[in-house]
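Per my numbering, the sequence shown starts with residue 9, numbered consecutively.
Even for Gly, the Cβ is constructed at its ideal location relative to N, Cα and C.
In what follows, a single structure is set out as structure tokens and then discussed.
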Amino acid sequence: MLRDDADALDQLAETEFAAHEPLSLEIARLEKLPKAIRTRVLRLAIYAAGAPTGSLGADHITPIEAFITDWSGQGPSDLPGGVRVSRISGRLSLSR
9 MLRDDADALD QLAETEFAAH EPLSLEIARL EKLPKAIRTR VLRLAIYAAG
59 APTGSLGADH ITPIEAFITD WSGQGPSDLP GGVRVSRISG RLSLSR
């Protein structure tokens, strides 16, 4: 049953991620998502930007989520694979 729930959340996150530009995510849209889906969308985006598969943990996702839920002018966040995430003009910008 838990596996089914996780699969459903992954599928919802994939659908949501497909609605964004892969390397530029709209903050206002991400704010409205439940945390379980939002964090999955963030993982998909970071992997799409070039982070090695399996390299992300909560210690990587939590500061990125803070760009959305607890914005206070933080600087860019550097992630595995040379991926950098910044908040610019109401969007999360991912680069490598």
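In three-state terms, what does DSSP make of residue i?
i, result
"Arg92", "strand"
"Arg104", "coil"
Relative to the C-alpha of residue i, which candidate in the options has its C-alpha closest?
i, options, result
"Ala53", "Arg92, Asp12 and Ser97", "Arg92"
"Glu39", "Gly90, Leu102, Ile76 and Asp15", "Ile76"
"Arg95", "Leu33, Arg37, Thr70 and Asp67", "Leu33"
"Gly83", "Leu100, Asp67 and Gly89", "Leu100"
"Gln19", "Thr47, Arg37 and Ile35", "Thr47"
"Ala59", "Ile72, Arg104 and Asp67", "Arg104"
Per DSSP, which one or two residues make a beta bridge with residue i?
i, result
"Glu22", "Answer is none; Glu22 lacks a bridge partner."
"Arg99", "Glu34 and Ile96"
For this session: Enumerate, from N- to C-terminal direction, the unbroken alpha helix (DSSP H) stretches of 4 or more residues contained entirely within the segment 39-97.
Result: As summarised for the segment 39-97, the continuous alpha helix (DSSP H) elements at least 4 residues long and confined to that stretch are 43-57 and 66-77, given in chain order.
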